[in-house]
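Following: one structure in structure tokens, then a few remarks.
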Amino acid sequence: MRVVTVTVSDTRTSENDTSGRALVEELAEFTCVRRELVRDDPEAVREVLRRAAEDADAVVLTGGTGIAPRDTTFEAVTAMFDRTLDGFGETFRRLSWDEVGPRAMLSRATAGVVGSMLVFALPGSTNAARLGARALVAPLLVHAVALLRSPPDKESR
-19 MRVVTVTVSD TRTSENDTSG RALVEELAEF TCVRRELVRD DPEAVREVLR RAAEDADAVV
41 LTGGTGIAPR DTTFEAVTAM FDRTLDGFGE TFRRLSWDEV GPRAMLSRAT AGVVGSMLVF
101 ALPGSTNAAR LGARALVAPL LVHAVALLRS PPDKESR
């Protein structure tokens, strides 16, 4: 599985991007094609997804999923989704509740499909990135990509 990890932030640099590092560590069983850092800007996020579609099975983003005015990752990725994986965000918030309580409800973590590529958007905190990658993305990735690659079943038409 080929994965691109992306940190969405106006303040992080390659030196202090602990969330991006956490994604790479938690997804070490997969091939990290690229690790990117983009600003909190919807067009920058959409552009990184377009580039990733050329050589990745999945993109995992961290940052920009909250409710602050500059948090626009959710809007950027969901506008591109062909299909939404509602259970991803729901499950992430349930798992987060154990660590951060009611603040879990402020997360707009989400996942979906863009073409034949999976897209996961996680909060920017290092703990949230680590939790989402370890508990949700890593266990789901192989099976989900296999489903996306499977030929249509003639019986299901």
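Numbering follows my numbering, in which position 56 of the sequence shown is assigned residue number 36; successive positions increment by one, without gaps.
We put the CB at the ideal spot given by N, CA and C, even for glycine.
- In the three-state reduction of the DSSP assignment, Ala38 falls in the strand class.
- Straight through space, the alpha carbons of Arg(-8) and Ala91 are spaced by roughly 23 Å.
- For Val122, same chain residues with a beta-carbon under 7 Å away, outside a window of 5 residues either side, are Met(-19) in chain order.
- Counting only residues of its own chain and dropping the five nearest sequence neighbours on each side, Val(-16) has a CB closer than 7 Å to the CB of Val13, Arg14, Glu16, Ala32, Ala36, Val39.
- DSSP, reduced to helix, strand and coil, places Arg88 outside both helices and strands of the structure shown, so it counts as coil.
- Per DSSP, Thr53 is one residue of the alpha helix (DSSP H) stretching across 53 to 58.
- Shown here, Thr(-15) sits in a strand according to DSSP, grouped into three states.
- In this structure, Gly67 keeps its C-beta atom at 9 Å or more from the C-beta atom of Val(-12).
- Excluding residues up to 5 positions away in sequence, Ser76, Leu102 lie with their Cβ nearer than 7 Å to the Cβ of Ala108 in the same chain.
- Spatial neighbours of Phe100 in its own chain (CB-CB distance under 6 Å, excluding positions within 5 residues in sequence) are listed in chain order as Val40, Ala91, Val117.
- When secondary structure is reduced to three states using DSSP, Glu16 falls in the strand class.
- With respect to the 9 Å criterion, Thr52 and Val25 are classified as neighbours on the basis of their beta carbons.
- The beta carbon of Arg1 sits closer than 6 Å to none of the beta carbons in its chain outside the five residues before and after it.
- Cβ-Cβ distances below 8 Å link Phe54 to Gly44, Thr45, Arg88, Thr90, Ala101 in the same chain, with the five nearest sequence neighbours on each side left out; the list follows chain order.
- Excluding residues up to 5 positions away in sequence, Met(-19), Val(-17) lie with their Cβ nearer than 6 Å to the Cβ of Phe10 in the same chain.
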